[in-house]
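What follows is one structure encoded as structure tokens, with my remarks underneath.
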Amino acid sequence: MNLPLWLIPALPLAGFLLNGSVALFSGWRRARKATAAWREAHPGDHGHDEHGDAGHGPGDHGHDDHGHHGPFLPYGERLFYGVVGVLSVGLAAVVALANAVPYALASTASEGGIGPVVQSVWKWMAAGHVSIDMAFRLDPLSAMMVSFVTFVGLLIHVFSVGYMQDEEGYGRYFAYLNLFMFAMLTLILADSLVVLFIGWEGVGLCSYLLIGYYYDKDFAHAAGKKAFVTNRIGDFGMVLGIFGILALFGTADFSFVDMAKAGAVNGTASITVYAVCLLLFLGAVGKSAQVPLYVWLPDAMAGPTPVSALIHAATMVTAGVYLVARCSAVFVLAPDALTLVAWVGAGTAVFAATIGLAQNDIKKVLAYSTVSQLGYMFLACGVGAFGVGMFHVFTHAFFKACLFLGSGSVIMAMHHEQDMRAMGGLGRKVPRTYLTMMVATVAIAGIPPLAGFFSKDQILGAAFAGGHLVLFAIGLLTAGMTAFYMFRLARMTFYGEFRGTPEAEKRVHESPATMTIPLIVLAAGSILVGFLGVPEALGGANRFVSFLAPSLATAHPHHLSHATEYVLMALSVGVAAAGILLAWRWYGQKGATPEVPSAAAQAFYEKTGALGRLVENKWYVDEGIEAAVLSPFRRIGTFLWRGFDSLVIDGIVNASAFLVELTGDLVRFFTTGNVRNYALSFTLGVLVLALYVFLR
Amino acid sequence: MALPFPLSDLLVILPELILSELALGILLWAAVVKRERERALAWASLASLAIAAALLPVAASFAGELPRSAFGGMIALDGFSLFFKALTLLAAAVTILFSLRFVGTSPYPGGEYYALLLLTTVGMMFMASGTHLVSIYVALELMALSQYVLAGYFKQETKSVEAAAKYFVLGAFSSGVLLYGLSLVYGATGTLSLGGVSAALEAAPRSTLLMVGVVLVACGMLFKVASAPFHVWAPDVYEGAPTPVSAFFAVGPKLAAYAIFARIFFDGFGPRSDDWAPVLAASAALTMVVGNVGALMQTNVKRLLGYSSIGHAGYALLGLLAYRAGGAAGQPEAFGLWAILFYLTAYLLMTFGAFGLVVLLEAKGYATESVDDFNGLWKRNPLAAGAMVVFLLSLAGIPPTAGFVGKYLLFSAALKAGWPALVVLGVLMSAVSLFYYFRIVRAMYLVDGEGEVRWREEPAVAVAVGLCFAGTLAFGVLPQPLIALAKSCLLP
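Rendered as structure tokens:
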């Protein structure tokens, strides 16, 4: 049975439409009912009903009442939203796997892989020489992406059914989540940069709407705004990059990758290629939260935890890495741009890891960890190991989704307490959450044979093999820090004694099965998916990377001797083990208090002095941006605003205030002067333009 | 009796003729109709527009082979003018739907309002057809004079009167500049027909007198499309005029102005494009910056949309600059022009959509609609909020909306024509524009509404907005039919 590719994004879209319209309708009905009730309660005291006859006007009263102290949605309605949301993504996952798995099998079975499957649904637009089809593409890269995005997405939808049950706006939540899946799958399956851009903007919009889900929290506002600003910078690069690709290759569909590959043979590299690569990378930096545009991602965790897991950890934020990998053949033509990618990645990895060391909010730790891991992925791409970078995208999706959902389960158990200092000893109370999170923690720390080990070790190996010793050292250091902060999180949360209030301790409870089953599946994934890419040195064939190879460019194929690889593995495992050991000794011990979770760590922190405070305060980056960029911009903005609207006119009026007081005539002159000013600017414009022609 | 033109020429302007008659009829009817039965006038006006629209293909088929020139080269009927006439009629129809309640519940009698709206539409239709500088100018004044009155229609409202006064004074001023330019052109070439001007420019050496004339004409045109530095009137007028009229101003006159802009500068001044292109380019760059940056800090929605429409005028100028950019093999060499046709259609849909929701917004006082009035709209009216998001995304050029496709076409054309710097600026300004468009989205979704500002229940507006919504999405997802139509309209 052949299931067309367009079904994969279309199914979540259908889910969005269905859930959205039902939520609209039932919201409208409730508002109507509430209005009727409100009218009964307030008979005849308002004359404004002549306007709002169908209840939209006074309806807001009713809606507010409902939202704040009314009963939650009826069970049947909630069930409907959940089933539609899960089912649409589930069916998409089925279609995705039905396409991707046979493709992957056939591709790995034949020498050198098989060509991409391109299915054009309709001709989108034909402009000039460029024609853009609404076409979807199945090749190793998209097959890989689409399998884990639908699979992990499905699990997170299931998790949401339990996690969001007490929240207002259940239907809206699932509608947005499905809309996100539609956009993300369009992004992945697109056969052209322009179609990809639909998804690119779509995921951004959904992210914005879902960050603002808790719209009554001021913080969510600010977070949404930050995400918005940084993404605009990124999108600016992205759009120009697309136009650059169009100018370079005359097409935006991914056949330009093959052209670039052919060009690589000739060794042509011009300033345009560099510019295009840098612009595309700017887009990737914005979407994937790299330095200096990473600031939005930690704040974006203000959204509900499943959203953090789905959008801000497993899928959307990896879109930048995907973009770089997709355009790898172009990046290879500009080696310096690639070097920049590597350094930005390595810099982000270590920088975010240092911040992760000292955070006390459980989600914040995971957020900075995500930024840091994304840095790893870019590091891999930058040293030319695109396949390895994508491998880390793949494994990271499993263990990071597991960690986020686990933290969601913990937060729910703690009744929305996120501060790890108030936790402790939860291991016995939430055993399933504890075990699954520990598995994922070990995986991200890079302990063999879990998933994180294989992908991270190969990134370090690729950096070392490429001769980038500094990058390698940075990666190694980051690996140690990762192990430390993750085990710090685990120890502070699950071990030792409970540090919150006794009442809080009594209320701690394990989450329902809709939440723990996805955790178990993801934990299993964190153990198993690494085996898809066992390196040759360990007796594997590195199937994962060789499967992806046809979609990607290889910059400089370097090979290390097995002996060297063993040494590198031992080194990375050793560093990780050291980090774990330190965290184990410092945290989760007896006698920890909410103020001082560990005496040894406190002593160390006091010894580090200014550096410790810097790290604790996230290097004061937010404050620095506020002082150096935002407030000057705000001042310029205010100035422009006043300049445009009133400064000129007010200025003239104010400056001549004393004259105005002297004669009423002058007042009239300046009040009507408004139009005269306009006419003056008109005349000046005419004169300047005429002068230009004169002088030509 | 001998006529100076063949009688069949009248068939070429049949839609305009009939619409003029109907407009005069409505004016007469308005004198006797009772205040509470005025709605009938609106429906009659809508019917008149429909009749005119139905007559467009009739006129085209009577005219025979297109393009058909009439009245000694004063008027021409071709695909280009038909496209613009259809858009103009659509714009007027949507405006009437917006006005039904807005004018109906106001203290001002609506009879003349609808007649004026129809007459200005006639002016715009003639503009689209004009191929002679005199016929173009007369049509322009017919359009403009009706509009000055429309801007000040709510004559007890200071802001409305102020808007009308500003519009009139500056409009007259720009007309003077335009006329002066036309006279210089006439002095230099000895003719006022576009074909004649073009031939004279082809033959004559470059003369400063002529170029000053061309620049003055350009200034007049830039005023009409509200481009910098001749844009200053637009935000004030949009803010002060009755909201349906503002919506109409943001779309209708601009459509017609772009039609004559393209006609004069390519059919007439085409041979000298190297001389005037830098002027247009400078204005385009300035317009994009001024419009988008100026909108950033606006709190009044109509002013915000006014600045936004200035920004859009800047994008559309890119299309004029790229007029001659080549299409694919076998296609007419007018990529920029059909990009404009597409873009203006998209612009009509999304701008009317956004303005329509402002019409529904019942502000506390005349012309005080502010961004805050949208607070918490998704709770009060989720459908309207969702539609507004789509319109704003389209205005910002986010796929899959018509606005994105239009902008993509314009920018590609400009790239092809060799204006990469303007494209970079355009992309940058599109990114900037999202900031102010999203202020409205933020207000609707992320801010709790006070519940003080109510929404009118107005089926006519809802229908119009719904149509705009459907069009904005449909032409974003399936733009190809409209692209093909625009292309075929430009075929000789």
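Protein sequence lines correspond, in order, to chains A and H.
Convert by adding 70 to the 1-based position in the first sequence; the result is the number in my numbering.
Convert by adding 835 to the 1-based position in the second sequence; the result is the number in my numbering.
A virtual CB, placed ideally from N, CA and C, is assigned to each residue, including glycine.
(message) I want to verify the contact list: residues of chain A whose CB lies under 7 Å from the CB of H/F1273, in sequence order.
(response) By Cβ distance, chain A contributes F298.
(message) Is there a C-beta anywhere in chain A that falls below 8 Å from the one on H/F906?
(response) no
(request) Could you tell me which of A/Y233, A/A317, A/F252 sits nearest to A/H199, measuring between CA atoms? (result) A/A317
(request) Identify the contact partners of H/A1266 in chain A, using a Cβ-Cβ distance below 9 Å as the criterion. (result) R302, I303, D305, F306, V309
(message) According to DSSP, simplified to helix, strand and coil, what is A/V187?
(response) A/V187 falls in the strand class under three-state DSSP.
(request) Verify the CB distance criterion: does H/L1269 have a CB-CB separation below 8 Å to chain A? (result) yes
(message) Would A/G223 and A/M204 qualify as a contact pair, given that the criterion is a beta-carbon distance under 8 Å?
(response) No; because the gap between Cβ atoms is not below 8 Å, this pair is not in contact.
(message) Along the chain, where does the alpha helix (DSSP H) containing A/A404 start, and where does it finish?
(response) Secondary structure note for A/A404: it is in no alpha helix (DSSP H), with a DSSP letter that is neither H nor E.
(message) One question on the structure: do A/K357 and A/Y446 come within less than 8 Å of each other, judged by their Cβ atoms?
(response) no
(request) Measure the C-alpha to C-alpha separation of A/H528 and H/V1258 and round it to an integer number of angstroms. (result) Looking at the sequence shown, residue 528 of chain A is not His but Gln. Going from the Cα of A/Q528 to the Cα of H/V1258 covers about 42 Å.
(message) For H/F1008 and H/L954, I'd like the C-alpha separation in whole angstroms.
(response) Rounded to whole angstroms, H/F1008 and H/L954 show a C-alpha spacing of 22 Å.
(request) Please classify H/K920: is it buried, with 16 or more other beta-carbons within 10 angstroms of its beta-carbon, or exposed? (result) buried
(message) Check whether chain H comes within 8 Å of A/S751, counting only Cβ atoms and requiring the distance to be less than that.
(response) yes
(request) With DSSP as the reference, label H/F840 as helix, strand or coil. (result) coil
(message) Classify H/Q991: buried if its beta carbon has 16 or more other beta carbons within 10 angstroms, exposed otherwise.
(response) H/Q991 should be labelled exposed.
(request) Taking 8 Å as the cut-off, decide whether the C-beta atoms of H/A979 and H/M962 are in contact. (result) no
(request) Please go through the stretch 582–621 of chain A and give each complete alpha helix (DSSP H) segment of 4 or more residues, from N-terminal end onward. (result) 583–598, 613–618
(message) Would you call the stretch 750–759 of chain A in contact with the stretch 1050–1066 of chain H, where contact means no fewer than 3 C-beta pairs closer than 8 Å?
(response) Counting Cβ pairs under 8 Å, three or more are found: they touch.
(request) Check whether the Cβ of A/E238 lies closer than 8 Å to any Cβ atom in chain H. (result) no
(request) Could you please give me the residues that DSSP links to H/K967 through a beta bridge? (result) Going by the sequence as given, residue 967 of chain H is His instead of Lys. Partner(s): H/S1028.
(request) Can you say whether A/T506 is buried or exposed, counting buried as having 16 or more other CB atoms within 10 angstroms of its CB? (result) buried
(message) For A/A93 and H/A1278, I'd like the C-alpha separation in whole angstroms.
(response) 21 Å
(request) Could you check what DSSP says for H/V1114 in three-state terms: helix, strand or coil? (result) helix
(message) Counting C-beta neighbours from all protein chains within 10 Å, is the total for A/E693 16 or more, i.e. buried, or is it exposed?
(response) A/E693 is exposed by the Cβ-count criterion.
(request) Identify the contact partners of A/M195 in chain H, using a Cβ-Cβ distance below 7 Å as the criterion. (result) V1240, P1314, Q1315, I1318
(message) Taking 8 Å as the threshold (C-beta atoms), are H/T1078 and H/V1194 in contact?
(response) yes
(message) Just checking: is the beta-carbon of H/S1247 within a distance shorter than 8 Å of some beta-carbon in chain A?
(response) At a cut-off of 8 Å between beta-carbon atoms, H/S1247 makes contact with chain A.
(request) Go ahead and label A/E665 buried or exposed: buried means 16 or more other beta carbons lie within 10 angstroms of its beta carbon, across all protein chains shown. (result) The residue is exposed, with fewer than 16 neighbouring Cβ atoms inside 10 Å.
(request) Output yes if chain A places a C-beta closer than 8 Å to the C-beta of H/K1001; else output no. (result) yes
(message) What residue range does the beta strand (DSSP E) around A/V578 cover?
(response) For A/V578, there is no enclosing beta strand (DSSP E), as DSSP gives it neither H nor E.
(message) With a threshold of 8 Å between beta-carbons, can A/I779 be considered close to chain H, or not?
(response) In the structure displayed, chain A extends from 71 to 766; residue 779 of chain A sits before or after that span and is not available.
(request) For H/I1233, go through chain A and note every residue whose CB falls closer than 7 Å to its CB, in chain order. (result) E271
(request) Kindly indicate the opening and closing residues of the alpha helix (DSSP H) around H/F937. (result) 914–939
(request) Could you name the residues of the stretch 1019–1047 of chain H whose beta carbon sits closer than 7 Å to any beta carbon of chain A, in the order they occur along the chain? (result) T1043, M1046, V1047
(message) Could you give the first and the last residue of the continuous beta strand (DSSP E) run that contains A/M562?
(response) Here A/M562 belongs to no beta strand (DSSP E); instead the alpha helix (DSSP H) covers 539–564.
(message) Distance cutoff 8 Å, beta carbons only. Does H/P902 sit that close to anything in chain A?
(response) no
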